[in-house]
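2 protein chains.
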Amino acid sequence: MSSDRTRSAILAAAEKLYADRGFGDVTLRDIVAEANVNLAAVNYHFGSKDELIAELFVTRSLATNRERLNALKLAEEKGGGRAPIDAILHALVGPTLRGCLGPDREGSTAARFMIRASIESVPPIRRIKNREVDHLRKFIAAMRRAMPGRDDADLYWGLHFALAMSHHTIREKERLARLSEGQCDLNDVDAIVDRVVSVSVMALTGGEAPARKAPSKVAAPHGRLTRQDL
Amino acid sequence: MSSDRTRSAILAAAEKLYADRGFGDVTLRDIVAEANVNLAAVNYHFGSKDELIAELFVTRSLATNRERLNALKLAEEKGGGRAPIDAILHALVGPTLRGCLGPDREGSTAARFMIRASIESVPPIRRIKNREVDHLRKFIAAMRRAMPGRDDADLYWGLHFALAMSHHTIREKERLARLSEGQCDLNDVDAIVDRVVSVSVMALTGGEAPARKAPSKVAAPHGRLTRQDL
DNA sequence: TTGCAATTCAAACACTTGTATGAAACTATC
DNA sequence: GATAGTTTCATACAAGTGTTTGAATTGCAA
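Chain order of the listed sequences is V and W. First residue of the first sequence: 1, per UniProt numbering; consecutive thereafter. First residue of the second sequence: 1, per UniProt numbering; consecutive thereafter.
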């Protein structure tokens with residue numbers, strides 16, 4: 001079982017280096033140097049560089065999706081099987097934003113890795129992201145229950161815009177900070193979540209404007225994967 | 001002046017290949033093969049691979065920004081120096097969306113190149129994008145004139161969200177099409193622009209909900225640059 | 001035509017990349 | 001303590017990368 005130490009060391013080193021310097025700039029030799037293991041260990045434990053990256057991303061991605069679904073389930077239970085639209089959107093964007101922004105998560109390797117993955121989008125990560133559709137459909141279903149009259153297309157657009165605002169905020173937080181010269185507070189994650197949710201609700205309702213809040217957790221460290229996917 | 005033929009051939013070949021296969025997958029040898037020129041020609045005419053990419057992106061980016069500012073100027077003139085907020089947002093997101101989406105631009109190399117640049121974000125392109133701040137400030141200024149009472153932070157968030165929705169739509173149009181199983185019409189660009197503008201206006205006004213339209217042009221082919229930047 | 005600069009070309013350079021190999025070291029079971 | 005399976009290691013491999021070189025070729029002006 002000492003192999004687990006090597007495996008974990010590689011995962012940790014890779015996540016750190018990718019978070020710091022991006023996928024294009026980090027070689028396997030950099031990773032094994034950081035992890036203090038042999039070069040061949042990566043291929044021995046993961047098969048290839050791409051599979052290493054995939055496992056890294058799947059782990060974090062699974063954690064976020066789990067949080068999302070938990071929050072959604074909680075909201076639906078509280079509403080007796082029908083969650084209000086703002087709670088649904090909160091469950092959708094809250095975990096992502098909370099996982100990547102905020103002063104506590106700021107220095108976190110996991111957060112910076114997910115930000116990097118959101119910016120660079122290398123092939124193994126893109127492959128995984130493409131399978132997220134089923135996961136999102138669960139939110140569409142909940143939205144349909146919350147707004148029975150609405151056209152499906154409007155629901156899709158609403159979900160799409162909600163993801164747009166949260167991902168773009170993560171991707172471009174530096175630029176927004178610079179553009180606004182600090183006037184946009186990117187450390188107040190709750191306020192950002194509320195803002196994204198409130199705009200998304202407006203997009204869906206066509207301009208009436210409610211918006212409350214809902215709970216959310218943070219990400220967990222790496223557990224070993226059974227080569228499952230998203 | 002036969003050098004210009006080589007230069008142009010390289011630019012055209014590079015844009016096509018990058019658009020088709022992405023930056024990570026295309027080598028200089030691929031480009032010179034497509035362009036039917038010698039390998040050394042790239043470094044002779046552009047200095048380096050990165051400078052070639054930069055010139056490619058700057059050309060298209062400049063064209064979009066020119067369109068944006070034209071539309072903004074037109075809207076402000078029509079309003080006597082004070083354009084309505086929806087016209088400002090239309091000027092901001094219209095050229096970008098129209099340049100990348102729509103059935104006519106669909107097969108366009110320029111459009112596909114810009115989509116690729118929006119997805120992959122390679123270092124020379126990121127460097128250029130980082131200088132877009134000054135350009136965006138002009139829209140902030142116009143928005144400030146249109147909504148004198150509003151907090152600056154709200155204006156920045158509104159502009160940020162408008163860009164979020166348009167860029168995310170460009171980046172993830174495939175996914176949205178698949179998720180919605182064709183129910184979101186990604187060929188009706190005008191409708192998309194209106195939708196993005198209308199949501200952005202709601203985000204800025206807090207839920208009253210107007211939204212009209214404004215004009216826009218298409219991109220031009222490559223002219224020679226004088227090594228200027230954005 | 002001559003001369004000179006700009007351009008093209010084939011070839012090589014210098015280096016990095018992910019991956020494979022096969023022997024050595026380790027670990028746990030009998 | 002011998003054996004079988006797992007893990008580590010140094011090293012080599014094969015291929016591909018952007019860039020440079022220096023000689024040919026071209027185009028244009030005097």
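Ideal placement from N, C-alpha and C gives every residue a C-beta, glycine not left out.
For residue i, the first and last residue of its enclosing alpha helix (DSSP H)
i                : result
Phe23 (chain W)  : Element bounds for Phe23 (chain W): n/a, residue is neither H nor E.
Gly206 (chain V) : Counting along the chain, Gly206 (chain V) falls outside any alpha helix (DSSP H), and DSSP gives it neither H nor E.
Asn43 (chain V)  : 40 to 46
Glu120 (chain V) : 109 to 120
Cys100 (chain W) : 85 to 100
Gly81 (chain V)  : Unbroken run through Gly81 (chain V): none, as it is neither H nor E.
Asp185 (chain V) : Taken as a continuous stretch (DSSP letters only), Asp185 (chain V) belongs to no alpha helix (DSSP H), as it is neither H nor E.
Gly158 (chain W) : 152 to 171
Val133 (chain W) : 133 to 146
Neighbour list for residue i in chain W, Cβ cutoff strictly below 8 Å
i                : result
Met147 (chain V) : Correct list: empty, because the minimum Cβ distance to chain W is about 15 Å.
Residue from the options with nearest C-alpha to residue i
i                     : options                               : result
Leu159 (chain W)      : V:His90, V:Ala141, V:Cys184, V:Ile85  : V:Cys184
Asp50 (chain W)       : W:Ser198, W:Val26, W:Ala153           : W:Val26
Leu62 (chain W)       : W:Glu76, W:Ser48, W:Phe46, W:Thr96    : W:Thr96
His135 (chain W)      : W:Ala75, W:Leu179, W:Leu69            : W:Leu69
residue 247 (chain V) : V:Ser200, V:Ala9, V:Asp190            : There is no way to answer for residue 247 (chain V), as the model of chain V reaches only from 1 to 230.
residue 236 (chain W) : W:Asn38, W:Phe23, W:Leu89, W:Gly22    : This structure leaves residue 236 (chain W) out entirely; chain W is present only between 1 and 230.
Ala35 (chain V)       : V:Val197, V:Phe57, V:Leu11            : V:Leu11
Ser200 (chain V)      : W:Val32, W:Ala164, W:Arg171           : W:Ala164
Arg137 (chain V)      : W:Glu120, W:Arg178, W:Ile53           : W:Arg178
Glu172 (chain W)      : V:Ser118, V:Ala141, V:Met143          : V:Ser118
Ala162 (chain W)      : W:Ala91, W:Arg131, W:Arg144, W:Ala146 : W:Ala91
Ala41 (chain W)       : W:Asp188, W:Val133, W:Ser8            : W:Ser8
Phe23 (chain V)       : V:His45, V:Ile85, V:Arg116            : V:Arg116
Asp4 (chain W)        : W:Leu176, W:Val193, W:Phe46           : W:Phe46
Phe139 (chain W)      : W:Ile85, W:Glu55, W:Leu52, W:Asn43    : W:Ile85
Val197 (chain V)      : V:Ile125, V:Thr169, V:Ser180          : V:Thr169
Asp154 (chain W)      : V:Met147, V:Arg195, V:Ser108          : V:Arg195
residue 252 (chain W) : W:Glu67, W:Leu17, W:Phe57, W:Val58    : Nothing can be reported for residue 252 (chain W): it is not among the residues displayed for chain W, which extend from 1 to 230.
Ile192 (chain V)      : V:Gly149, V:Tyr156, V:Arg112, V:Leu89 : V:Leu89
Pro123 (chain W)      : W:Gly80, W:Glu55, W:His167            : W:Glu55
Thr6 (chain W)        : W:Tyr18, W:Tyr44, W:Leu17, W:Ala19    : W:Tyr44
Gly79 (chain V)       : V:Arg145, V:Leu101, V:Thr59           : V:Arg145
Interface partners of residue i on chain V, CB under 7 Å
i                : result
Phe161 (chain W) : Met165, Val199
Chain-ordered chain V contacts of residue i [CB-CB under 9 Å]
i                : result
Cys100 (chain W) : The premise fails here: Cys100 (chain W) is roughly 14 Å from chain V at the closest Cβ pair, so nothing lies under 9 Å.
Leu52 (chain W)  : Result: empty, since nearest Cβ-Cβ is about 17 Å, beyond 9 Å.
Per-residue contacts from residue i into chain V (C-beta, under 8 Å)
i                : result
Tyr18 (chain W)  : Result: empty, since nearest Cβ-Cβ is about 15 Å, beyond 8 Å.
Thr169 (chain W) : His160, Ala164
Within chain W, partners of residue i - CB distance below 9 Å
i                : result
Arg195 (chain V) : Trp157, Phe161, Ala203
Ala153 (chain V) : Ser180, Gln183, Cys184, Asp185
The ligand NAP heavy atom lying under 7 Å from the CB of residue i
i               : result
Gly22 (chain W) : With respect to small molecules bound, the structure shown includes none, and the ligand NAP cannot be examined in it.
7 Å Cβ cut-off: residues of chain W touching residue i
i                : result
Leu176 (chain V) : Tyr156, His160
Going along the chain, which residues of the region 114 to 146 of chain W sit with their C-beta nearer than 9 Å to a C-beta in chain V?
-> Ile119, Glu120, Ser121, Val122, Pro123, Arg126, Lys129, Asn130, Glu132, Val133, Leu136, Arg137, Ile140
In the region 19 to 32 of chain V, which residues sit with their C-beta less than 7 Å from some C-beta in chain W, listed in chain order?
-> Taking 7 Å as the Cβ-Cβ cut-off, the region 19 to 32 of chain V has no residue approaching chain W.
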